[in-house]
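S.K.:
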Amino acid sequence: MSEFRLLHTMLRVLDLEKSLDFYTRLLGMKLLRRNDYEGGRFTLAFVGYGEESDTAVLELTHNWDQKEPYEIGTAYGHIALGVPDIYATCEKLAAEGVKIPRPPGPMKHGSTVIAFIEDPDGYKVELIERK
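Just so we're aligned, residue 1 is where the sequence shown starts under UniProt numbering, counting upward by one.
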């Protein structure tokens with residue numbers, strides 16, 4: 001077993017409050033810590049489903065002077081989250097105005113039920129039904 005461990009994934013976000021609302025209220029993560037760095041003019045907020053000592057988390061980086069949305073690029077794929085009832089989850093998220101570019105349904109070449117949603121910055125989040 002490796003002594004290495006995945007700690008976090010970082011996303012740059014344009015509107016930190018909108019992103020925190022999306023990941024905490026809508027996706028059920030909790031805000032683990034948030035630090036403002038006045039000298040560097042940025043804020044780091046860490047969110048997740050468990051403590052950083054035990055699980056990988058998501059680091060949201062907000063650069064205060066960023067005025068335009070970030071370009072996501074062609075190398076970025078997605079974050080994946082397991083959910084118990086994908087249809088009900090997507091229904092609730094759609095009611096909140098969340099974009100769902102790939103509605104829930106079985107994978108093209110398998111039986112796993114998935115959906116893709118977008119966070120406020122357009123980052124893709126895959127939802128995978130796990131009963």
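We put the beta carbon where it would ideally sit given N, CA and C, even for glycine.
Which complete alpha helix (DSSP H) runs does the UniProt domain "VOC" (5-130) hold, if anything under 4 residues is left out?
M.R.: Entirely contained in the UniProt domain "VOC" (5-130), the alpha helix (DSSP H) runs reaching 4 residues are, in chain order, 16-20, 86-95.
S.K.: With a 10 Å radius around its C-beta and 16 neighbouring C-beta atoms as the bar for buried, classify Phe4 as buried or exposed.
M.R.: Residue numbering aside, residue 4 sits at position 4 when the sequence shown is read from its first letter. Exposed.
S.K.: Do Leu14 and Leu81 have their beta-carbon atoms positioned less than 8 Å apart in this structure?
M.R.: Along the sequence shown, one-based indexing puts residue 81 at 81. Along the sequence shown, one-based indexing puts residue 14 at 14. No, these two residues do not count as a Cβ contact at 8 Å.
S.K.: Leaving aside the five residues before and after Thr89 along the sequence, list all residues of the same chain whose C-beta is less than 7 Å from its C-beta, in chain order.
M.R.: As a working mapping, residue 89 is identified with position 89 in the sequence shown. The answer, listed in chain order, is Val83, Leu127.
S.K.: Does the Cβ of residue 132 have 16 or more other Cβ atoms within 10 Å, making it buried, or fewer, making it exposed?
M.R.: As displayed, the chain neither begins before 1 nor continues past 131, which places residue 132 out of reach and without an answer.
S.K.: Shortest alpha-carbon distance to Ile86 belongs to which of Tyr70, Asp54, Gly77, Gly105?
M.R.: The count along the sequence shown starts at 1 and reaches residue 86 at position 86. Of the candidates Tyr70, Asp54, Gly77, Gly105, the one whose C-alpha sits nearest the C-alpha of Ile86 is Gly105.
S.K.: For Arg130, which residues in the same chain have their Cβ closer than 8 Å to its Cβ, ignoring the five residues on either side in sequence?
M.R.: Translated into the one-based positions of the sequence shown, residue 130 becomes position 130. Result list for Arg130: Gly82, Val83, Pro84, in chain order.
S.K.: Short of 6 Å in beta carbon distance, which residues of its chain neighbour Ile79, apart from the five on each side in sequence? Order them along the chain.
M.R.: Here the question's residue 79 lines up with position 79 in the sequence shown. Excluding sequence neighbours, Ile79 sits near Val125.
S.K.: How many Å lie between Gly122 and Ser2 at the Cα?
M.R.: As a position in the sequence shown, residue 122 is number 122, starting the count at 1. As a position in the sequence shown, residue 2 is number 2, starting the count at 1. Roughly 34 Å between the two C-alpha positions.
S.K.: Report the residue from Glu118, Thr55, Gly110, Thr9 whose alpha carbon sits nearest the alpha carbon of Glu61.
M.R.: As a position in the sequence shown, residue 61 is number 61, starting the count at 1. Inspection of the sequence shows that residue 61 is occupied by Thr rather than by Glu. Considering only alpha carbons, the answer is Thr9.
S.K.: Can you give me the C-alpha to C-alpha distance between residue 183 and Leu93, rounded to a whole angstrom?
M.R.: Examination of residue 183 is not possible in this model, given that the chain is present from 1 through 131 alone.
S.K.: Buried or exposed: which applies to residue 199, given that a residue is buried once 16 or more other Cβ atoms fall within 10 Å of its Cβ?
M.R.: Residue 199 lies beyond the range of the chain shown here (1 to 131); nothing can be said about it.
S.K.: Tell whether a beta-carbon distance below 8 Å holds between Glu68 and Lys99.
M.R.: For the purposes of this step, residue 68 is identified with residue 68 of the sequence shown, where counting begins at 1. For the purposes of this step, residue 99 is identified with residue 99 of the sequence shown, where counting begins at 1. Against a cut-off of 8 Å, the Cβ pair of Lys99 and Glu68 comes out as no contact.
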